[in-house]
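Those protein sequence lines, which keep their order, are chains L and R. Take 1 as the starting number for the first sequence in my numbering and just add one per residue. Take 1 as the starting number for the second sequence in my numbering and just add one per residue.
Number of protein chains: 2
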Amino acid sequence: MKVLNKDVDYAVRALVLMARNDKPATPVAGMRAEVRVSGPFLRKIMQKLQRAGFVHSVKGRGGGFSLARDPGNIRLSELVSALQGGIKLNDCASEGKLCGLHSACKLRPRLASMEGRLLEELAAITVKDLA
Amino acid sequence: MKVLNKDVDYAVRALVLMARNDKPATPVAGMRAEVRVSGPFLRKIMQKLQRAGFVHSVKGRGGGFSLARDPGNIRLSELVSALQGGIKLNDCASEGKLCGLHSACKLRPRLASMEGRLLEELAAITVKDLA
DNA sequence: CGTTAATGATACTCAAATAGTATCATTAAT
DNA sequence: ATTAATGATACTATTTGAGTATCATTAACG
Ligand code: FES
Ligand code: FES
């Protein structure tokens, strides 16, 4: 059972790459080889990062992407929220779909706190750490 | 992104139920209502638990399942291994399919240790705790 | 004995989530 | 005008998860 999806995986690689280069603008074409993913797919991910405010983009010839934030402050936990809507340990623990069993469920609170710790650990890792 | 699958979820409920009752044998028909799952599906899960040594089974009329181990020593981490083959934080961290990037990957070791901690936390929760 | 109520094993189908592609629109440098 | 880039979005394919169905085996009950 996987916890981090491909979007996050590729996003990390791309952001690390940008943090190392620190060019004014890197186009997708200039990243896809090193990130090891197809152009269109990486583009889709970069667009998500743009919408979520992690990167700036410049359209048109000579354009591309650049980091919008200090890499030392881009945390894995944030990427996880933005790119895959967080983490849920089980179905039950989320939203309103409590499993019927029970008001007195002893499992749910434990899972909730584990989830919290997991996110803290992810928050402790920044793009800078990985660059 | 989910971490615990339905098998684990239902298995926990069934085991907790059995730990509370402590009958010599509980048939699937006697659990499915409270576990809130279809008979055939629960049966499949119980069979996995049997193969993995968590429960005993008795065939034939009057048969059913019973705990094979002290509920205070059946740990969530074990159920996770037996029923869903463990947890992997990302694709990369598993098996031989390292992502090419890199011998010098800074992310992988961190994820590995997070995974370890997660499993420790799951190991700290027993069926008895939940009963 | 035969019927019934149970599990064992396994194959199969259905549904949902992930992963990836394709297309058209927009923008700006040359 | 052409080219090289992103924005938005619809679409397809693959994989994984969830759930069913079937047949075989076993043992109590009458
Ligand atoms: S497992 Fe659903 S509320 Fe506890
Ligand atoms: S992300 Fe694949 S080896 Fe680090």
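Just so it is clear, CB atoms sit at the ideal spot from N, CA and C, and this is done for glycine as well.
Does residue i have its Cβ less than 7 Å from a Cβ in chain L?
i, result
"D9(R)", "yes"
"R32(R)", "no"
"Q84(R)", "yes"
"M46(R)", "no"
"E121(R)", "yes"
"K128(R)", "no"
"L67(R)", "no"
"L17(R)", "no"
Can you grab the Cα-Cα spacing for the pair residue i / residue j, in whole Å?
i, j, result
"A25(L)", "V37(R)", "54 Å"
"A14(R)", "A124(R)", "19 Å"
"K44(R)", "T126(R)", "22 Å"
"G63(L)", "V80(L)", "27 Å"
"R117(R)", "L83(R)", "19 Å"
"E34(L)", "D7(L)", "15 Å"
"L76(L)", "L122(L)", "5 Å"
"R61(L)", "S113(L)", "48 Å"
"F65(L)", "K128(L)", "17 Å"
"G30(R)", "V3(L)", "35 Å"
"D91(R)", "N5(L)", "8 Å"
"K88(L)", "L107(R)", "21 Å"
"P40(L)", "N73(R)", "50 Å"
"K48(L)", "L111(L)", "29 Å"
"D70(L)", "M1(R)", "27 Å"
"R51(R)", "E78(R)", "13 Å"
"L130(R)", "V16(R)", "7 Å"
"V55(R)", "A68(R)", "4 Å"
"M46(R)", "E115(R)", "27 Å"
"C105(L)", "M18(R)", "16 Å"
"R20(L)", "Y10(R)", "47 Å"
"D22(L)", "G86(L)", "28 Å"
"P27(L)", "P109(R)", "30 Å"
"V12(L)", "K59(L)", "22 Å"
"R32(R)", "S57(L)", "54 Å"
For residue i, go through chain R and note every residue whose CB falls closer than 8 Å to its CB, in chain order.
i, result
"I74(L)", "Under the 8 Å cutoff, chain R gives no residues; its nearest Cβ is about 13 Å from I74(L)."
Taking 7 Å as the CB-CB limit, is residue i close to chain R?
i, result
"A14(L)", "no"
Name the chain R residues that come within less than 7 Å of residue i, Cβ to Cβ?
i, result
"R110(L)", "I125"
"L107(L)", "V12 and L130"
What in chain L is Cβ-close to residue i, meaning under 8 Å?
i, result
"V3(R)", "M1, V3, I87, K88, L89 and N90"
"M114(R)", "L118, E121 and L122"
Would you give the residue range spanned by the beta strand (DSSP E) that residue i belongs to?
i, result
"V58(L)", "V55 to V58"
"L67(L)", "G64 to L67"
So residue i is in the alpha helix (DSSP H); what residue range does that whole segment cover?
i, result
"G39(R)", "G39 to R51"
"P109(R)", "L107 to A123"
"A25(L)", "Looking at the DSSP string, A25(L) is not in any alpha helix (DSSP H), and its letter there is neither H nor E."
"R32(R)", "R32 to V35"
Tell me residue i's beta-bridge partners as DSSP assigns them.
i, result
"K88(R)", "K2(L)"
"R13(L)", "Bridge partners of R13(L): none, in fact."
"R75(L)", "T126(L)"
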